[in-house]
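Asks: Just dropping this structure here.
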Amino acid sequence: MIVDERIAAYIFSLEREMPEKLNAIEKQALADYVPIIKKPTQSLLRFMLRSLKPDSILEVGAAVGFSSILMSEYMPENCHITTIEKMPERIVKARDNMVYAGKEERITLLEGDAADILKQLSDEGKSFDFMFMDAAKGQYINFLPDIMKMLPVGGILISDNVLQDGDIVQSRYGVTRRNRTIHSRMREYLYELTHMKEFDTIVLPIGDGVTLSTRI
Ligand SMILES: C[S@@+](CC[C@H](N)C(=O)[O-])C[C@H]1O[C@@H](n2cnc3c(N)ncnc32)[C@H](O)[C@@H]1O
């Protein structure tokens, strides 16, 4: 955790309850060790959706559908979510959860590798004004060109897990050998987001670290 645990717990104590079915999906996902968005990221998404009122949402990394179902609670009536997942057992669970939450009409789950699906969507000329990147951290940088093609001016890209539980500030040799590639790719991604002329980006030290990038 990047933020002091007691501060995070206090902030959370001020939050309102989520709908009961979302609580149940979250509880099951945590019990099954599925990595889902943390409370501060949940609140951020809720707030951003209510403020920006997007027309269409693209999520990369559905897992068992928790964050897409959460977003569907707070998005406008006519908004639709497209989400992508490649692990077969998570796809099955995500579909079950979407039916359980009564959201299967509002969320389209695309099955397969995001690298291929993003390319296909961008080749088809699709556009999404609210994007949530929450897949394999080392791949964010590879997804960026297709993401850019689909994000209109004024649209927003939210990327989760960008500070890697604080490891991002370590030197390359301060992280385990296994994590070095992800570490350098995430640093490259953060540098790109914060220096590209097409984006205005802020990095927020909440949850596992989140960036908000608006297309200018
Ligand atoms: C952190 S989890 C997503 C959690 C989800 N957004 C939530 O909060 O409920 C990341 C998911 O991305 C999926 N994933 C990772 N790389 C992917 C890729 N290249 N294509 C499709 N899915 C991918 C993983 O299988 C995993 O289920």
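Count along the sequence shown from 1, add 853, and you get the number used in this note's numbering.
Virtual Cβ for every residue (Gly too), placed ideally from N, Cα, C.
1) Check whether the region 965-979 touches the region 1004-1024, taking contact to mean three or more Cβ pairs, one atom from each stretch, closer than 8 Å.
2) Less than 7 Å between the CB of Gly1062 and some heavy atom of ligand 1, yes or no?
3) Please check the pair Gly991 and Arg1038, which I expect to be a contact at CB under 8 Å, by giving their CB distance rounded to whole angstroms.
4) Taking Leu923 as the reference, give the member of Asn931, Arg943, Ser904, Lys892 with the closest Cα.
5) If Phe985 sits next to Ile1011, beta carbons under 8 Å apart, how far is it from one beta carbon to the other, in whole angstroms?
6) Tell me whether Ser920, by its Cβ, gets closer than 7 Å to a heavy atom of ligand 3.
7) Please list, in chain order, all residues of the same chain as Leu1016 whose beta carbon is under 7 Å from its beta carbon, the five residues on each side excluded.
8) Please check the pair Glu912 and Ile878, which I expect to be a contact at CB under 8 Å, by giving their CB distance rounded to whole angstroms.
9) With a threshold of 16 other CB atoms inside 10 Å of the CB of Asn931, please say whether the residue is buried or exposed.
10) What are the partner residues of Ser1066, as DSSP defines its beta bridges?
11) Please state whether DSSP places Ile970 in a helix, a strand or coil.
12) Here's a check: name, in chain order, each residue in its chain whose Cβ is nearer than 6 Å to the Cβ of His1036, leaving out the five neighbours to either side.
13) Hey, quick one: how far does the alpha helix (DSSP H) through Met924 stretch, first residue to last?
14) Does the beta-carbon of Met940, which I'm using as the reference point, lie nearer than 7 Å to any heavy atom of ligand 1?
15) Which term fits Asp1018, buried or exposed, when burial requires 16 or more other beta carbons within 10 angstroms of its beta carbon?
16) Decide if Gln1094 is buried, meaning its Cβ has at least 16 other Cβ atoms within 10 Å, or exposed.
17) Based on the DSSP output, what are the partners of Ile934 in its beta bridges?
18) Which whole-angstrom value is the C-beta distance of Ile944 and Leu971, which I expect to be below 8 Å?
Replies: Judging by the given coordinates:
1) With a cut-off of 8 Å, the region 1004-1024 and the region 965-979 do not count as touching, because too few Cβ pairs lie within range.
2) As a first step, residue 1062 must be located in the sequence shown, where it is residue number 209. For ligand 1, not one heavy atom lies less than 7 Å from the Cβ of Gly1062.
3) For this step, residue 991 is matched to residue 138 along the sequence shown. For this step, residue 1038 is matched to residue 185 along the sequence shown. That pair is a contact at about 5 Å.
4) For this step, residue 923 is matched to residue 70 along the sequence shown. Taking only the C-alpha atoms, the option nearest Leu923 is Lys892.
5) Stepping through the sequence shown from its first residue, residue 985 is reached at position 132. Stepping through the sequence shown from its first residue, residue 1011 is reached at position 158. Rounded, the Cβ-Cβ distance is 5 Å, consistent with contact.
6) For ligand 3, the structure offers nothing, since it holds only ligand 1.
7) One-based indexing of the sequence shown puts residue 1016 at position 163. Cβ within range, chain order: Ile855, Pro1058, Asp1061, Gly1062.
8) For the purposes of this step, residue 912 is taken as the residue at position 59 of the sequence shown. For the purposes of this step, residue 878 is taken as the residue at position 25 of the sequence shown. In fact, because the Cβ distance is near 15 Å, the residues do not count as touching under 8 Å.
9) Taking the first residue of the sequence shown as 1, we reach residue 931 at position 78. By the 10 Å Cβ count, Asn931 comes out exposed.
10) As a working note, residue 1066 is residue 213 in the sequence shown. According to DSSP, which records beta bridges pairwise, Ser1066 is partnered with Leu1010, Thr1054.
11) Position 117 of the sequence shown, counted from the first residue, corresponds to residue 970. Ile970 sits in a helix when the DSSP states are folded into three classes.
12) Looking up residue 1036 in the sequence shown gives position 183. Only Val1028 meet the Cβ criterion.
13) Residue mapping note: residue 924 aligns to position 71 of the sequence shown, counting from 1. Counting along the chain, the alpha helix (DSSP H) containing Met924 begins and ends at 919-927.
14) Here residue 940 is taken as the residue at index 87 of the sequence shown, counted from 1. The answer is yes for Met940.
15) Working through the sequence shown from its first residue, we reach residue 1018 at position 165. Asp1018 counts as exposed, since fewer than 16 other beta carbons sit within 10 angstroms of its beta carbon.
16) Look at the range of the chain in this structure, 854 to 1069, and you will see that residue 1094 is not part of it.
17) Stepping through the sequence shown from its first residue, residue 934 is reached at position 81. BP columns for Ile934 point to Ile910, Ile960.
18) Counting from one through the sequence shown, the residue named residue 944 turns up at place 91. Counting from one through the sequence shown, the residue named residue 971 turns up at place 118. Not a contact, Cβ separation roughly 17 Å.
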